[in-house]
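Numbering (our numbering), first residue to last: 15 to 210.
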């Protein structure tokens, strides 16, 4: 597993042994970030990587110009791999790791308060309503999507969300899926929300 493009292109990422962590494949990550590039939501974005695992999505975003990343993960083996990847790529100044359950509404609410505003780099970006980018990549059997989307709707500004699942997602209002793609067993939904 490697960083697909950007300043860290080709750099190797480690993953924990076993199948408890399901890192996004290079092929899916490349397709996902090609779509994000066309939507102009990565450059200078403040990124929240929920169920971060190895950190592959957040690290790819940093490689492609995101301002900073907050990784949220609670599994020990995944945290070891995540910290190893951050250290090997010397990304400590541009990211932080929250050891927490990303599906816990209290954790998401606390993070939404901490990360609710655009980063300084985004403050001057004209017309930027997507200064925050959120990746949500839980295990395939995850069922608490409504709660995650409900909490993410409390962020200000409303984030652009990329969600990976074992099934097609249809989040409720205020969320809209603007693109949905299937890659083998993986569904990727690109979601935006409108202010009420």
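Glycine is no exception: its CB is placed at the ideal position from the N, C-alpha and C atoms.
All figures in this text were calculated on a predicted structure; none of them were measured in a lab.
DSSP three-state assignment for residue i, whether helix, strand or coil
i	result
residue 17	coil
residue 190	strand
residue 207	strand
residue 181	coil
residue 23	coil
residue 89	coil
residue 163	helix
residue 47	helix
residue 124	helix
residue 115	coil
Inter-residue spacing [alpha-carbon to alpha-carbon] between residue i and residue j
i	j	result
residue 28	residue 68	7 Å
residue 18	residue 192	24 Å
residue 157	residue 201	14 Å
residue 197	residue 56	21 Å
residue 61	residue 181	24 Å
residue 52	residue 208	20 Å
residue 132	residue 172	Legend: pLDDT at residue 132 = 37, less than 50; position of this residue unreliable, value from coordinates given subsequently. If you take the alpha carbons of residue 132 and residue 172, they lie about 10 Å apart.
residue 5	residue 50	Outside the shown range of the chain (15 to 210) lies residue 5, about which nothing can therefore be said.
residue 15	residue 89	20 Å
residue 189	residue 119	18 Å
DSSP beta-bridge partners of residue i
i	result
residue 176	149 and 204
residue 84	62 and 110
residue 195	202
Contact check, residue i vs residue j, beta carbons under 8 Å
i	j	result
residue 126	residue 169	yes
residue 21	residue 47	no
residue 203	residue 147	no
residue 45	residue 195	yes
residue 174	residue 206	yes
residue 183	residue 159	yes
residue 30	residue 116	no
Legend entry - the segment 109-118 in contact with the segment 78-88 per 3-pair CB rule at 8 Å: yes
Inset, instruction - Check whether the segment 151-165 touches the segment 57-68, taking contact to mean three or more Cβ pairs, one atom from each stretch, closer than 8 Å. - result: yes
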